[in-house]
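Have a look at the structure below before the remarks.
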Amino acid sequence: MVVAGIARAQTEVIEGQLDGGGDFEMIPFQVPAGTAEVFIEHPSQQSENVLDYGLWDPTGFRGYGGGNSEGFGVSVTGATRSYLPGSIVPGTWAVMIGKAKVPMKPPRFRLEVTLRTTQTLAAQRRAELLPSSLSTEARWYAGDFHVHSRQSGDAKPTFEEIAAFASSRGLDFVELSEHNTNAHYGLIDDAQRRLTNFLFIPGVEFTTYKGHANGIGATKYVDHRLGLDGVTIDTAFAALKEQGAVVSLNHPLLDLGDSCIGCKWEHRVPRDLQAVEIATGGWDKTGVFFTRDTIAWWERIVSQGLRPAPIGGSDDHEGGAGSGAFYSPIGSPTTMVFANGLAVANIVEGVRLGHTVVKLQGPSDPMVDLRIGDGMVGDEVLVSEGEIVATVTGGDGAELIILRDGTEHARVPVSGAEFVHREALMTSGRYRAEVHVGGEPRTITNNIWVSLVARPAGCGCVGGGEAVLAVLAVVVLRRRSRGWCPAREDEHQR
C-alpha cells in the first residue's frame, strides 16, 4: 500500500508498508522530461528494522547503497557514493527496498523524492579502466581479495587510503569487492594512473540475505534481487562468469546472526565453484572461531570433486584504520597468486588456474611453494616418476606438513631462511602443503592433483615417427586442459 503526496515544490513523499512476500519490492515514481537530478531521502520508520535501498531508471540499474542511512542521488555527471551518473531518462523510475531484517511487521518506509532541473551533485571524472601491466614478471604476487572502499555503503576509505596502507604491508594488489554495485569501476582508472607498483582489481561482493559471493574481476552490475524477475543464484553466477569474473564464496561459515546479515552461505554450492575464501580476517582474530572450520569445509568439498582455489580476504571496511577485538586490516590474511604479470587479467587468471597460497595471518607468514614435476598448485599432473618438492621461505622453526587426499602424509621441521623438502613421489593423489607456527596453521596451499602412471612407450601420434615422444617422463595438465597427448589435441577441442 502506497500513499503519495507533495511535501514541497519538486519533492514527492511516498510512504507506506511493504506488503509483498519476497525479499525485495520496487517502489515506482515518475520522472518528467527536463529533470537534471534525482535525489532520495529515506528516513527510518522503525528503528528495529533494517532496510536496503537501490535505484533503477527505465533502462536499468543506477546504484545500491544497502542499509546506508544517507540520502542518495544521481545526475548526468554526478552521483552520491555507490550510485552511477548518467542520463536522466524520463519515465518510470523505482526505488528498490530490500528487507534485510524486519522483526517489526509489516515493515514501513518513507521516501522523499526530490527532482531538480539543475544539477547540485559534483561532477565526477569517470573512465573505462584501461588494461595496464605494472609488471610482466611471472612470479608470486601478494594481495587481498576482500576490501571495501567508500563506494560500499557501509565502508569509509578512499582508493588512495587503501592503496597506501596495502602498499605499506608489501601487497601488490587488492580487489575492491563492493556490495552489489559497480559504481567504483569508472573511478578506478583515475586512481590507478597515479600508482606505478600497486594494482586495483575491480570486483563485487554479491550480497544476498543467505550468503555473500565474490565476483573477482567483475565490472558490470549483476542483479542481486533473488526471487524477483526470475533472478536466481544460477543466473547471477552465470552473469558473473560471462564477463570473465572468477566466482568465489565469501566467509561461507560466518554465522553472526543480525551482526552480519546473510553472511553464512545457505544457498547450494555450485559444482563449478572457482574459489573459496578459506580465511576472512587474520588468524589471530578469526582462526579459532571459524577459519579452522572453513578450511575443513573447503577440504570436504574438494574431496567431493570440486576444485575451488583457496583465497583469503580481510573484509576491511576501514582502509587499515579500524579498531576493535575482531578487526583485521588489509592484508590479514594475504593471498599469494602465481601470475604471469601484475595486471588484472593476469591475477584473475592465476586464481582461475588455482595457483594460490593463503597466508592466514598476513604477509610476514612463511611462504611455501609446492611443486611436483613441472606442476604447481592448482595443476593436474600425469607423471611416470617424480619428486614432491616444497620450498619454505621465512619459516625457520616452523613445521611443514604435506597432505595427501586431505590426510597428513609427512611432517617435517623447517630450518633456515629457505628450506627445501624433497621426497620421491610414490602414490597418486591430491597433494597440498601447510606450514604451522607454534602448532597453529599459518600457510595453506591449493592442491596438486597427481596421477602416477607407467612410463609410456609412445603416444600413438599419427605421422610422428617412432622416435616422437618415445619416452614421456612428466606431463602437466593445466586445469583448463582436457588432454595430454598431442595426437588427440583436436579431439579435446571439440
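Be aware that the sequence shown starts at 1, since it is given in UniProt numbering, and climbs by one per residue.
Even for Gly, the Cβ is constructed at its ideal location relative to N, Cα and C.
Every value quoted in this text rests on a predicted model; they were computed, and no experiment measured them.
Discussion item. By alpha-carbon positions, which one of S87, S248, N346 and P333 ends up nearest to F200?
Written reply: Reading the sequence shown from its first residue, position 200 is the one you call residue 200. The residue with the shortest Cα to Cα distance from F200 is N346.
Discussion item. For T235 and G86, what's the separation of their Cα atoms in angstroms?
Written reply: As a working note, residue 235 is residue 235 in the sequence shown. As a working note, residue 86 is residue 86 in the sequence shown. Using only the alpha carbons, I get a separation of about 26 Å.
Worksheet item: S47: which of M367, D405, K101 and L111 sits nearest, CA to CA?
Response: Looking up residue 47 in the sequence shown gives position 47. Looking at the Cα atoms, K101 is the closest of the given residues.
Worksheet item: For W265, does the three-state DSSP call read helix, strand or coil?
Response: As a position in the sequence shown, residue 265 is number 265, starting the count at 1. The answer is coil: DSSP assigns W265 none of H, G, I, E or B.
Fill in: Segment contact, 8 Å Cβ cut-off, at least three pairs: the region 399 to 418 with the region 270 to 287
no
Worksheet item: Would DSSP call L240 helix, strand or coil?
Response: Taking the first residue of the sequence shown as position 1, residue 240 is located at position 240. L240 falls in the helix class under three-state DSSP.
Practice prompt. Measure how close the beta-carbons of I188 and G203 come, nearest whole angstrom, since I'm counting them as under 8 Å.
Written response: Residue numbering aside, residue 188 sits at position 188 when the sequence shown is read from its first letter. Residue numbering aside, residue 203 sits at position 203 when the sequence shown is read from its first letter. I188 to G203, Cβ: 10 Å. No contact.
Worksheet item: For T196, which option in A164, I88, V31 and R371 has the closest C-alpha, if you only look at C-alpha atoms?
Response: Residue 196 sits at position 196 when you count from the first residue of the sequence shown. T196 has its Cα closest to that of A164, out of A164, I88, V31 and R371.
Fill in: Nonlocal neighbours in the same chain, by C-beta distance under 7 Å from G91, ignoring five residues either side
Here residue 91 corresponds to residue number 91 of the sequence shown, with the count starting at 1. Taken in chain order, the residues that qualify are V31 and P58.
Practice prompt. Have a look at T334, M426, H436 and Y431 and flag the residue whose alpha-carbon is nearest the alpha-carbon of G395.
Written response: Here the question's residue 395 lines up with position 395 in the sequence shown. For the residues T334, M426, H436 and Y431, the minimum Cα distance to G395 belongs to H436.
Discussion item. For Q192 and I162, I'd like the C-alpha separation in whole angstroms.
Written reply: As a working note, residue 192 is residue 192 in the sequence shown. As a working note, residue 162 is residue 162 in the sequence shown. Just so you know, the alpha carbons of Q192 and I162 end up roughly 12 Å apart.
Fill in: Contact check, P363 vs T334, beta carbons under 8 Å
Along the sequence shown, read from residue 1 onward, the residue named residue 363 stands at position 363. Along the sequence shown, read from residue 1 onward, the residue named residue 334 stands at position 334. Yes, Cβ-Cβ distance for P363 and T334 is below 8 Å.
Worksheet item: Is the distance from the Cβ of E70 to the Cβ of T77 below 8 Å?
Response: On the sequence shown, position 70 is the one that residue 70 refers to. On the sequence shown, position 77 is the one that residue 77 refers to. The answer is no: Cβ separation not under 8 Å.
Practice prompt. Can you have a look at residue 521 and say buried or exposed, based on whether 16 or more other CB atoms are within 10 angstroms of its CB?
Written response: Examination of residue 521 is not possible in this model, given that the chain is present from 1 through 494 alone.
Discussion item. Does Q17 come out as helix, strand or coil in the three-state DSSP assignment?
Written reply: Taking the sequence shown and counting its residues from 1, one reaches residue 17 at position 17. In the displayed model, Q17 falls within a strand according to three-state DSSP.
Practice prompt. Can you tell me which of the three DSSP states Q45 falls into?
Written response: Indexing the sequence shown from 1 puts residue 45 at position 45. Here Q45 sits in coil by DSSP.
Worksheet entry | Touch test, the region 441 to 449 against the region 352 to 359, Cβ-Cβ under 8 Å, three pairs minimum | As far as the Cβ criterion goes, the region 441 to 449 touches the region 352 to 359, which means the pair count is three or higher.
Practice prompt. List in chain order: all unbroken alpha helix (DSSP H) runs of 4+ residues lying wholly within the region 279 to 317.
Written response: 292 to 303
Fill in: Coarse secondary structure for A470, derived from DSSP in three states
Residue 470 sits at position 470 when you count from the first residue of the sequence shown. Annotation note: pLDDT 32 at A470 (below 50); position unreliable, coordinate value reported separately. Looking at A470 - three-state DSSP - the assignment turns out to be coil, as it is neither helix nor strand.
Discussion item. I'd like to check one pair, V392 with V414: are the Cβ atoms closer than 8 Å?
Written reply: In the sequence shown, counting from the first residue as 1, residue 414 sits at position 414. In the sequence shown, counting from the first residue as 1, residue 392 sits at position 392. For the pair V414 and V392, the CB atoms are nearer than the 8 Å cut-off.
Worksheet item: What does DSSP give as the partner residues of P28 in its beta bridges?
Response: As a working note, residue 28 is residue 28 in the sequence shown. P28 pairs with A94.
Worksheet item: Looking only at its own chain, which residues have a Cβ that is under 7 Å from the Cβ of Q10, when we skip the five neighbours before and after it?
Response: Sequence index remark: in the sequence shown, residue 10 carries index 10 (1-based). The answer, listed in chain order, is T114, L115 and R116.
Discussion item. With H, G and I counted as helix, E and B as strand and the rest as coil, what does DSSP make of R352?
Written reply: Taking the sequence shown and counting its residues from 1, the one referred to as residue 352 is at position 352. R352: helix per DSSP, three-state reduction.
Practice prompt. Along the beta strand (DSSP E) that carries E205, what are the first and last residues, could you check?
Written response: For the purposes of this step, residue 205 is taken as the residue at position 205 of the sequence shown. Start and end: L199 to T208.
Discussion item. Please return the same chain residues whose Cβ sits closer than 7 Å to the Cβ of V269, not counting the five positions on each side in sequence.
Written reply: Reading the sequence shown from its first residue, position 269 is the one you call residue 269. Excluding sequence neighbours, V269 sits near I301.
Worksheet item: Can the beta-carbon of D154 be found closer than 8 Å to that of H317?
Response: In the sequence shown, residue 154 corresponds to position 154, counting from 1. In the sequence shown, residue 317 corresponds to position 317, counting from 1. The answer is yes: Cβ separation under 8 Å.
Worksheet item: CA-CA distance, P43 and Y141?
Response: Working through the sequence shown from its first residue, we reach residue 43 at position 43. Working through the sequence shown from its first residue, we reach residue 141 at position 141. Roughly 45 Å between the two C-alpha positions.
Worksheet item: CA-CA distance, E385 and A410?
Response: On the sequence shown, residue 385 is found 385 positions in, with the first residue counted as 1. On the sequence shown, residue 410 is found 410 positions in, with the first residue counted as 1. Distance between the alpha carbons of E385 and A410: 19 Å.
Worksheet entry | K220 to Y64 span [Cα, whole Å] | Counting from one through the sequence shown, the residue named residue 220 turns up at place 220. Counting from one through the sequence shown, the residue named residue 64 turns up at place 64. As the crow flies, the alpha-carbon of K220 is around 13 Å from that of Y64.
Fill in: Contact set for G227: own chain, Cβ-Cβ below 8 Å, skip 5 residues either direction
The residue given as residue 227 occupies position 227 in the sequence shown. Within the same chain, G227 has close Cβ partners G22, D23 and F24.
Discussion item. Can you find the residues in the same chain that come closer than 7 Å, C-beta to C-beta, to V471, ignoring five residues on each side of it along the sequence?
Written reply: The residue you call residue 471 lines up with position 471 of the sequence shown. With a pLDDT of 34 at V471, under the threshold of 50, the modelled position of that residue is not reliable, and the figure given next carries that caveat. Once the five neighbours on either side are set aside, the close Cβ partners of V471 are R455.
Practice prompt. Can you have a look at E137 and say buried or exposed, based on whether 16 or more other CB atoms are within 10 angstroms of its CB?
Written response: Within the sequence shown, residue 137 is the residue found at index 137, counting from 1. E137 should be labelled exposed.
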